[in-house]
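Asks: Residue numbers (my numbering), protein chains in the order written: chain A, 1 to 630; chain B, 631 to 1105.
What follows is a single structure, and I will ask about it in a moment.
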Ligand SMILES: Cc1cc2nc3c(=O)[nH]c(=O)nc-3n(C[C@H](O)[C@H](O)[C@H](O)COP(=O)(O)OP(=O)(O)OC[C@H]3O[C@@H](n4cnc5c(N)ncnc54)[C@H](O)[C@@H]3O)c2cc1C
Ligand SMILES: Nc1nc2c(ncn2[C@@H]2O[C@H](COP(=O)(O)OP(=O)(O)OP(=O)(O)O)[C@@H](O)[C@H]2O)c(=O)[nH]1
Ligand SMILES: [Mg+2]
């Protein structure tokens, strides 16, 4: 058995799969260890990928060469573009996946990577020498050596599942053992630990649902794809349904509130506000007359239905009772009970932007253990941690994504700069440059970065080359092509616009609110037809040029601030011209540059100015001291 | 990891140096307790918080007695600076306070830079920038009006208003976040009309605040009131009478005043910069002509012009011509001077040259003239009326009777609110023009930043907090 690796990834969830794949693509000999190889890429909760902001992240992972986009395309059985009626910059692709197909696709993609090995075992500890990682130790007592380790243990660290108030079960996920030794081993390193919780709704047998009482939602979305480099075959598509809870359910929940693990005082961890349990919804919004419930198929070959919207920690009989109060579910038979789970996480201010721990060299964390929630968030971090674990071994520059480059950059900066006080999920409102961070320009944004860092396979690289070329050609086409009135006026007539009298350049026409890039490309008989997302990207950049420019200018300012680097060993505590609060926060977070310092809550603009002066003075003093000793 | 060091300790005389029965010496920083123990040996920390204690002050090295003084200790963070702070009320004069400051310095403090106590209060979050500016204005106030506004500002009145407006902007962002980030929720989508309406509310608040800026800035700088008129009209006499002191030379010879003379004065409770100028006439000597040029420059930037017309001669073509030279929007108060003389000539009942009604008729036709008053500098009559009139003319709008309403008193404040106003206007316009919400939203953060920079606070991520408290979100 080969026991020497360059990078070891612990955990085969969404973070782990991306970390291992990124590391192997970079050229590092990589091992992924997880307790059950058949569950690599398993979806713990709703089998859905994407949504507003999250859908963009899935595509960012793909653009950086990752697994998630391909696995989603290969397993999606329902698709919807959220926000399609709103501006193109906030469109959110969302796919409902087949719970079985998804992990199989992940496994297939991982198996394509020659430098990646898989091994089935539970990791119980780190193999450390001084403050540096040497590898991992498994439950069976095996030691695997490596230069760097990425831990992606998800919700498994001291996980406890609650169904109703009657005692909790130690578990990492329903039916899977928790990870206790590793949690202890990490805590013993002196890391700060926190506790979060999340929950999941019951699943029901689709054969017992009365579909005549619920509303059908057909997906549409045609051949939309998350993956930009490889075209997977799409499975057949299925419908989803909507139904609503009413006053009866509210009454049942209210009457049984003390029996809920959440409200009976069993659970201490903080849960996400945007993923409330039905108990939360009833308690916090008692006036809401109803709440919607999405019924989502779990797969093509199962009749199981995911009851999205009724996450709960009530005992079994209460779950049965309130389901009967939901139209369409009167006779529904539960196949899996809803539950809440509590688990350890490590407050992420202990990390660098590379996701390496400050205090333990060579150790990287990614995914849920950093206090986030969601597959896409986990995947994005996994990719960055894996790439950086490999970069460190291979002596390359780290992959650091800026806030204006990717949602992944926004997320990681938020995590290490501000920390978390509830499970962190991405929203477009977290990004100050959301016009730049769109689903339609991921390849142009991140492809070149992935290429430079060595994250792309040869095939991916050549697809990217073509894509960038085509994109430039498309912009040129809009600039150069004049469209005659007889081609344009039918489009204008359809949209109720005033007709034109002479030929106009396509770019000029695109600035009109009633004309779109797709229509103009068709009217101009552009062939071959460019991909739709590319057309949309050009449309946004022409039509809203002023807004996009403003964001670019602001991004430039931020980059200027980031150019003032602050050495990690700067004695923040001694900068007495700063407020005490600022000094404490700075000493805790240790920002890498002035821009990051400015985003720390509690650091005022005056503090920031004084920080600049103090760091300059300190650097000068240090240089003099060095010169003096020579 | 580096230790968090306490702030160094600063000392300064808080009262003006020189003669005075008492003086106050302030010390602030992490070593105040140690210093007190050295300089005030009998001071006992226990039970001495926020209570004045009479004690002997001694030289830390020789132990010789310096003074008996009242010592008050304020422990941080509940003090003005947010640090440990002591105030020592010593005897006044030039020697004792200096000895005490010196002793405290030798016990481990350093001399404070000007404004450093307030700066520390700001750094430690006891005051925001706007409040710190209020402190400065309060100390420097020379009129009751500025005193009132500055006090309100120091107490956080303006800051609260700015914070409310910023809250309003965060509310807008939260509505948009609901609109953009949560498309599939229980609550129906937020109608953009509601966003526009709330945008207008914020805009209204910004506008109301901006409207106070012109007068607010004059409150600090003093409104420029320029005395003008023919030579010998009695301008310098009125100037002196309003000041209450003989500042300008008065003489019966026309052309006495050559250069402009400026003085600050509080009239009707409001601050003015009163300027006496050379009388304007056609045939003047070289020096006088230069004086007249200066006068014209002042007149161009005047907030109000006091056009002096002697009752001896009354309104004439010179005055009419003079009015025409002024800016369209100039504001002029016609002051009929030497009422004692004019009254004599009007005694026979004829509508002579000094007839007040006739002057009124001729001057009132010009929209620049906002009032006509009669005074006698010699007898001191009608002076109060001039003060009140000036006050109403300049400060009659947003500031008057503002009582406890916030007022912008600095260009910096006005700039910030103007930027926010411009951005929110663009935001509302864009939404109304059908521009997608996420595009229009690019105007909100710069508006927030402008207000935050005014206050000197940084924005934590409040948008999502607002959102989750108002809407039931998530599946
Ligand atoms: C009950 C539940 C409800 C959820 N609800 C939501 C929701 O409503 N919305 C949402 O967005 N997200 C939800 N999630 C979160 C989502 O599932 C996670 O965010 C995501 O799976 C995290 O990915 P990860 O790779 O970090 O961890 P996981 O997917 O949890 O993967 C962890 C992996 O590490 C392995 N592992 C653990 N310990 C060891 C060890 N010692 N040695 C080796 N391998 C180890 C595990 O076997 C597993 O393969 C929920 C999760 C759960 C469990
Ligand atoms: N009787 C009387 N005489 C006054 C009064 N005010 C001013 N005078 C006299 O008028 C003369 C001119 O007064 P000034 O105040 O010097 O006039 P001025 O307008 O400043 O003149 P120039 O500086 O020369 O332009 C002096 O002799 C004053 O004593 C008044 O109220 N009553
Ligand atoms: Mg004079």
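For every residue, glycine included, the Cβ atom is placed at its ideal position computed from N, Cα and C.
On a predicted model such as this, the values are computed, not experimentally measured, just so you know.
Closer than 8 angstroms, CB to CB, is residue 547/A near chain B or not?
Replies: Residue 547/A counts as touching chain B.
Asks: Contact defined as beta carbons within less than 8 angstroms: I believe residue 69/A pairs with residue 22/A. What is the distance between those atoms, to the nearest angstrom?
Replies: Residue 69/A to residue 22/A, Cβ: 13 angstroms. No contact.
Asks: Does any residue of chain A bring its CB to less than 8 angstroms from the CB of residue 1116/B?
Replies: The question about residue 1116/B has no answer here: the residues shown for chain B are numbered 631 through 1105.
Asks: Does residue 23/A come out as helix, strand or coil in the three-state DSSP assignment?
Replies: In this structure, residue 23/A counts as helix in the three-state DSSP scheme.
Asks: For residue 598/B, which residues in chain A fall below 7 angstroms Cβ to Cβ?
Replies: In the structure displayed, chain B extends from 631 to 1105; residue 598/B sits before or after that span and is not available.
Asks: Can you tell which of 926/B, 844/B and 932/B has the C-alpha that lies nearest to the C-alpha of residue 1044/B?
Replies: For residue 1044/B, the nearest C-alpha among the options comes from 844/B.
Asks: Give the interface partners of residue 53/A over in chain C, defined as CB-CB distance under 8 angstroms, in chain order.
Replies: Among the chains of the structure shown, chain C does not appear; the protein chains present are A and B.
Asks: Where in the segment 138 to 202 of chain A do unbroken runs of the beta strand (DSSP E), each at least 3 residues long, occur, reported from the N-terminal end onward?
Replies: With a minimum length of 3 residues, the continuous beta strand (DSSP E) runs that stay inside the segment 138 to 202 of chain A are 143 to 145, 148 to 151, 160 to 162, 168 to 170 and 194 to 200.
Asks: So which residues of chain A does residue 1039/B contact, with C-beta pairs closer than 9 angstroms?
Replies: Ordered by position in chain A, no residue passes the 9 angstroms Cβ test against residue 1039/B, which lies about 20 angstroms from the chain.
Asks: Please indicate yes or no: does the CB of residue 971/B lie closer than 7 angstroms to some heavy atom of ligand 2?
Replies: Answer for residue 971/B: yes, Cβ within range of ligand 2.
Asks: So residue 89/A contacts chain B; which residues on that side make the cut at Cβ distance below 8 angstroms?
Replies: What residue 89/A touches in chain B: 1066, 1068 and 1069.
Asks: So residue 92/A and residue 125/A are supposed to be a Cβ contact under 8 angstroms. How far apart are they, rounded?
Replies: 41 angstroms between Cβ atoms; not a contact.
Asks: What in chain A is Cβ-close to residue 864/B, meaning under 8 angstroms?
Replies: Within 8 angstroms Cβ-Cβ: nothing; residue 864/B doesn't reach chain A, min ~52 angstroms.
Asks: Going by DSSP in three states, residue 69/A sits in which element: helix, strand or coil?
Replies: Residue state, collapsed to three classes: helix.
Asks: Specify whether the segment 428 to 446 of chain A and the segment 281 to 290 of chain A touch according to this definition: at least 3 beta carbon pairs, one from each stretch, less than 8 angstroms apart.
Replies: With the cut-off at 8 angstroms, the segment 428 to 446 of chain A and the segment 281 to 290 of chain A do not touch.
Asks: State the DSSP-derived secondary structure class of residue 580/A, mapped to helix, strand or coil.
Replies: Of the three classes helix, strand and coil, the one that applies to residue 580/A here is helix, per DSSP.
Asks: Go to residue 701/B, then tell me how far its beta strand (DSSP E) extends in each direction, as first and last residue.
Replies: Per DSSP, residue 701/B belongs to the beta strand (DSSP E) from 695 to 704.
Asks: Quick one: give me the first and last residue of the alpha helix (DSSP H) that residue 353/A is part of.
Replies: Segment: none, residue 353/A is in no alpha helix (DSSP H) and carries neither H nor E.
Asks: List the DSSP bridge partners of residue 117/A.
Replies: Its beta-bridge partners are 31/A.
Asks: Check whether chain B comes within 8 angstroms of residue 253/A, counting only Cβ atoms and requiring the distance to be less than that.
Replies: Not one chain B Cβ lies under 8 angstroms of residue 253/A.
Asks: Check whether the Cβ atoms of residue 565/A and residue 592/A sit closer than 8 angstroms, and answer yes or no.
Replies: Yes.
Asks: Between residue 657/B and residue 716/B, is the Cβ-Cβ spacing less than 8 angstroms?
Replies: In contact: residue 657/B and residue 716/B (Cβ atoms closer than 8 angstroms).
Asks: Taking Cβ-Cβ distances below 9 angstroms as the criterion, which residues of the segment 562 to 589 of chain A are in contact with chain B?
Replies: Against chain B - using a Cβ distance shorter than 9 angstroms - the residues of the segment 562 to 589 of chain A are 569, 570, 571, 572, 573, 574, 575, 576, 577, 578, 579, 580, 581, 582, 583, 584, 587 and 588.
Asks: Rounded to whole angstroms, what's the CA-CA distance from residue 612/A to residue 382/A? Just pull it up for me.
Replies: Approximately 33 angstroms between the Cα atoms of the pair.
Asks: Alpha carbon to alpha carbon, how far is residue 409/A from residue 309/A? Give it in angstroms, no decimals.
Replies: Those two C-alpha atoms are separated by around 30 angstroms.
Asks: Could you give the distance in angstroms between the alpha-carbon of residue 204/A and the alpha-carbon of residue 230/A?
Replies: Rounded to the nearest angstrom, the two C-alpha atoms are 35 angstroms apart.
Asks: Using a threshold of 7 angstroms, is the CB atom of residue 889/B nearer than that to any non-hydrogen atom of ligand 3?
Replies: Residue 889/B Cβ: outside cutoff for every heavy atom of ligand 3.
Asks: Only counting the same chain, and skipping five residues up and downstream in sequence, which positions put a Cβ closer than 8 angstroms to that of residue 694/B?
Replies: The answer, listed in chain order, is 688.
Asks: Out of 822/B, 965/B, 928/B and 739/B, state which residue places its alpha-carbon closest to the alpha-carbon of residue 940/B.
Replies: The candidate whose alpha carbon is nearest that of residue 940/B is 965/B.
Asks: Taking C-beta pairs closer than 7 angstroms, name the residues in chain A that residue 1075/B reaches, listed in chain order.
Replies: Those are 432, listed as they occur along chain A.
Asks: Distance cutoff 8 angstroms, beta carbons only. Does residue 86/A sit that close to anything in chain B?
Replies: Yes - at least one Cβ of chain B is within 8 angstroms of the one on residue 86/A.
Asks: Would you kindly report the start and end of the unbroken alpha helix (DSSP H) that includes residue 771/B?
Replies: Segment: none, residue 771/B is in no alpha helix (DSSP H) and carries neither H nor E.
Asks: Using C-beta distances below 6 angstroms, list every residue in its chain close to residue 644/B, excluding the 5 sequence neighbours before and after it, in chain order.
Replies: The residues are 654 and 656.
Asks: For residue 339/A, which residues in chain B fall below 7 angstroms Cβ to Cβ?
Replies: Chain B residues near residue 339/A: none, gap ~16 angstroms exceeds 7 angstroms.
Asks: For the segment 737 to 750 of chain B, enumerate the residues whose C-beta is nearer than 8 angstroms to any C-beta of chain A, in chain order.
Replies: Under the 8 angstroms Cβ criterion, the segment 737 to 750 of chain B contributes no residue.
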